[in-house]
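**Q** Here it is: the structure, laid out below.
Number of protein chains: 2
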Amino acid sequence: MIVSEILRGLYDGRYVPGQKLVESDLTKRFGVGRGTVREALQRLEAEGLTTASLHRGARIRSFTRDGVRDLLEITEAIAGLTGRLAAERSRSTEDLTELRGSIEELSRLIEAGETFASAQLRFSILHAIAALACNQELFRLMPRYDASVVRAQFRVVFDAKGARAELEQFRKVLDYILARDGDGAELTMRKFVRRTAVAIQHLPDEYFDH
Amino acid sequence: MIVSEILRGLYDGRYVPGQKLVESDLTKRFGVGRGTVREALQRLEAEGLTTASLHRGARIRSFTRDGVRDLLEITEAIAGLTGRLAAERSRSTEDLTELRGSIEELSRLIEAGETFASAQLRFSILHAIAALACNQELFRLMPRYDASVVRAQFRVVFDAKGARAELEQFRKVLDYILARDGDGAELTMRKFVRRTAVAIQHLPDEYFDH
DNA sequence: TGTTTTGTTATTGTCCTACAAGTTTGTTAG
DNA sequence: CTAACAAACTTGTAGGACAATAACAAAACA
Chain S
4 MIVSEILRGL YDGRYVPGQK LVESDLTKRF GVGRGTVREA LQRLEAEGLT
54 TASLHRGARI RSFTRDGVRD LLEITEAIAG LTGRLAAERS RSTEDLTELR
104 GSIEELSRLI EAGETFASAQ LRFSILHAIA ALACNQELFR LMPRYDASVV
154 RAQFRVVFDA KGARAELEQF RKVLDYILAR DGDGAELTMR KFVRRTAVAI
204 QHLPDEYFDH
Chain L
4 MIVSEILRGL YDGRYVPGQK LVESDLTKRF GVGRGTVREA LQRLEAEGLT
54 TASLHRGARI RSFTRDGVRD LLEITEAIAG LTGRLAAERS RSTEDLTELR
104 GSIEELSRLI EAGETFASAQ LRFSILHAIA ALACNQELFR LMPRYDASVV
154 RAQFRVVFDA KGARAELEQF RKVLDYILAR DGDGAELTMR KFVRRTAVAI
204 QHLPDEYFDH
């Protein structure tokens, strides 16, 4: 699939924010028709990974300082809602124990330096929390790939230290969910995003698009 | 544009939730190629107006009871954020006076029974509030058309009485924005959505998809 | 030299046709 | 009435053609 391949390429640096995606290149690269490529590009745009303008084609998104602030403001609100709903609505105890298991595995992966695997597991943990929230619409919003662009563009922020801090937040959220404390879960999820937002805003200008 | 035409058709009942959208019909109806139709359908799906499944094509979305609850939970969070940011960040006084003018005009349109015009103005008021929030990402989320489906499917809820209640909420939000009261603006915007959600949940089963 | 104009090229937007893959509908036999 | 089968329809995908536009390079001019 073109979309997942570009995502993967974004992770390991083959694609970088701002890069142009030319249709004819992609048809050759993936051996598919132009229609298929165009559909993939549209999907990428809908999910926030690229921006397109008329007769100019698609580029991988590149955030300005304000742009990433705006995105993370919304992400914070959505993450908070997810935490709250998970705490207030989760019923399945087996999902919760599975979540605890995933968190501990993430801890191992981080310490082992398995960055790609831990990024994937991190995503699946967020997905699991969204599942606890029993809200299907969250799944329509969650796989938005703009988060992947943020991680690619501000890679320095997502180091092992940040990962450990995130891990701690995951543990706290899980406790709040178990305690059915909606306020606590919301606040923790929000802090989890805001910590990232603050770290990014502290970066110097050269990390941002202009 | 196909998208806007279908939106319009959804408003005045030519398209109804659950209805199938066949590519060949649309090519004839709009006199465009199949590729163009497919792109339009994809855009509609990305924006939540239709759902598509493999080899079965696209249908206009039809909400279950839980589905619309889920959607409005998220809408409430986003609307709350919009209100908060508008109160905390708005600087331009001319935008504010223009907003006040739009609200008064909406009042006139509602009393005159101009339902389509008032629906459009209502949308542009929400847009104006989002503009006050100074967050470009909100504009990427706002034009999601799933709200149009909700209005089409649960039409009875959006009557003149509801419109007047909304109007009152708009006035309150504007006051909170002028007072730079983020908490008040957030709460009012949230109530504004929740009122709709509650009204919809009170409808009998036959209004919902199963 | 620097700037404006013009022409070339590359890319996208849209259309068309064709065929394979899959779903839905209709028919017939049991 | 049900199940199996066949036909018709719809979608998914490939590939080609053409016009519209943008990006770039070259030429003309001040």
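Residue numbers (our numbering), protein chains in the order written: chain S, 4 to 213; chain L, 4 to 213. All C-beta atoms, glycine included, are put in the ideal place defined by N, C-alpha and C. Source: prediction; values computed, not measured.
Under 7 Å between beta-carbons, which chain S residues line up against Asp73 (chain L)? List them in chain order, please.
**A** Ordered by position in chain S, the residues that pass the 7 Å Cβ test against Asp73 (chain L) are Asn138, Gln139, Glu140.
**Q** Taking only runs of the alpha helix (DSSP H) that begin and end inside the segment 161–185 of chain L, which ones reach a length of at least 4 residues, in chain order?
**A** You should have 163–181.
**Q** Mind the definition here: the segment 77–89 of chain S touches the segment 37–49 of chain S only if three or more C-beta pairs lie below 8 Å; say whether that holds.
**A** No, they do not touch.
**Q** What is the rounded straight-line gap between the Cα of Gly16 (chain S) and the Cα of Met145 (chain S)?
**A** Taking the straight line from one Cα to the other gives about 23 Å.
**Q** So, at 8 Å on beta carbons, what are the nonlocal neighbours of Phe119 (chain L) in its own chain, with the 5 sequence-adjacent residues on each side left out?
**A** Excluding positions up to five away in sequence, the list reads Tyr14, Asp15.
**Q** Return yes when the Cβ of Gly70 (chain L) is within less than 8 Å of the Cβ of Leu24 (chain L), no when it is not.
**A** No.
**Q** For Ala155 (chain L), count the other beta carbons within 10 Å of its own beta carbon; 16 or more makes it buried, fewer makes it exposed. Which is it?
**A** Burial call: buried.
**Q** With a cut-off of 8 Å on the beta carbons, I'd call Leu44 (chain S) and Leu102 (chain S) a contact; round off their distance for me.
**A** So it is not a contact: roughly 35 Å between Cβ atoms.
**Q** Is any beta-carbon of chain L found at less than 8 Å from that of Gly70 (chain S)?
**A** For Gly70 (chain S), the answer is yes, since a Cβ of chain L falls inside 8 Å of its Cβ.
**Q** Anything in the segment 21–47 of chain S with a Cβ closer than 8 Å to a Cβ of chain L? List those residues in chain order, please.
**A** Flagged, chain order: Gly38, Arg41, Glu42, Gln45, Arg46.
**Q** With a threshold of 8 Å between beta-carbons, can Ile132 (chain L) be considered close to chain S, or not?
**A** No, its Cβ sits nowhere closer than 8 Å to a Cβ of chain S.
**Q** Comparing alpha-carbon positions, which option in L:Glu140, L:Ala115, L:Glu97, L:Glu169 lies nearest Phe126 (chain L)?
**A** Ranking L:Glu140, L:Ala115, L:Glu97, L:Glu169 by Cα distance to Phe126 (chain L) puts L:Glu169 first.
**Q** Judging by CA-CA distance, which residue of L:Ala202, L:Glu91, L:Arg94, L:Thr191 is the nearest neighbour of Lys175 (chain L)?
**A** Here the closest residue by C-alpha is L:Thr191.
**Q** Would the beta-carbon of Leu52 (chain S) fall within 8 Å of that of Ser151 (chain S)?
**A** Contact: yes.
**Q** Do Ile9 (chain L) and Leu47 (chain L) have their beta-carbon atoms positioned less than 8 Å apart in this structure?
**A** A contact, by the Cβ cut-off of 8 Å.
**Q** What separation, rounded to the nearest whole angstrom, lies between the Cα atoms of Lys194 (chain L) and Glu79 (chain L)?
**A** Their backbone Cα atoms lie some 8 Å apart in a straight line.
**Q** Closer than 8 Å by beta-carbon distance: list the chain S residues that pair up with Ala80 (chain L), in chain order.
**A** Neighbours of Ala80 (chain L) on chain S, chain order: Ala80, Ile81, Gly83, Leu84.
**Q** Looking only at its chain, what residues have a beta carbon closer than 7 Å to the beta carbon of Asp30 (chain L), apart from the 5 residues adjacent to it on each side?
**A** A quick correction: the sequence has Thr, not Asp, at residue 30 (chain L). Gly36, Arg37, Val40, listed in sequence order.
**Q** Name, please, each residue of chain S whose Cβ falls closer than 9 Å to the Cβ of Leu144 (chain L).
**A** In chain order: Ile77, Leu144.
**Q** Strictly below 9 Å CB to CB, what residues from chain S border Ala49 (chain L)?
**A** The answer, in chain order, is Gln45, Arg46, Glu48, Ala49, Glu50.
**Q** If you scan the segment 53–89 of chain S from start to end, which runs of the beta strand (DSSP E) of 3 or more residues do you find wholly inside it?
**A** Runs of the beta strand (DSSP E) inside the segment 53–89 of chain S: 53–56, 60–63.
**Q** Provide the residue(s) that pair with Leu24 (chain L) in DSSP beta bridges, ordered along the chain.
**A** Answer by DSSP bridge pairing, in chain order: L:Ala61.
**Q** Assign Ser100 (chain L) to buried or exposed, taking buried as 16 or more other Cβ atoms, counted over all protein chains shown, within 10 Å of its Cβ.
**A** In the sequence as displayed, the identity of residue 100 (chain L) is Thr instead of Ser. With fewer than 16 other Cβ atoms within 10 Å, it is exposed.
**Q** Quick one: Cα of Ile63 (chain S) to Cα of Gly116 (chain L), how far?
**A** Roughly 46 Å separates the two Cα atoms.
**Q** Between Leu135 (chain L) and Ile180 (chain L), how many whole angstroms is the CB-CB distance? I'm expecting something under 8 Å.
**A** About 7 Å; that satisfies the 8 Å criterion.
**Q** Pick out the complete alpha helix (DSSP H) segments inside the segment 92–145 of chain S, 4 residues or longer, and give them in chain order.
**A** Fully enclosed alpha helix (DSSP H) runs of 4 or longer: 96–114, 118–135, 139–144.
**Q** Can you tell me whether Pro20 (chain L) is buried or exposed, with buried defined as 16 or more other CB within 10 angstroms of its CB?
**A** That one is buried.
**Q** Looking at C-alpha atoms only, which residue of S:Leu112, S:Asp186, S:Leu75, S:Arg68 is the closest neighbour of Glu209 (chain S)?
**A** When each option's Cα is compared against that of Glu209 (chain S), the closest is S:Arg68.
**Q** Measure the C-alpha to C-alpha separation of Phe157 (chain S) and Ser7 (chain L) and round it to an integer number of angstroms.
**A** Their backbone Cα atoms lie some 37 Å apart in a straight line.
**Q** Label Val159 (chain L) either buried or exposed according to how many other C-beta atoms from any shown protein chain fall within 10 Å of its C-beta, with 16 as the threshold for buried.
**A** So Val159 (chain L) counts as exposed.
**Q** Please look up how many angstroms separate the CB atoms of Ala131 (chain S) and Asp98 (chain S), rounded, as I've assumed it's under 8 Å.
**A** Confirmed, about 7 Å.
**Q** Which whole-angstrom value is the C-beta distance of Glu171 (chain S) and Arg87 (chain S), which I expect to be below 8 Å?
**A** Not a contact, Cβ separation roughly 20 Å.
**Q** Out of L:Asp212, L:Gly185, L:Ala182, L:Val153, which has the shortest C-alpha to C-alpha gap to Thr199 (chain L)?
**A** Out of L:Asp212, L:Gly185, L:Ala182, L:Val153, L:Val153 has the C-alpha closest to the C-alpha of Thr199 (chain L).
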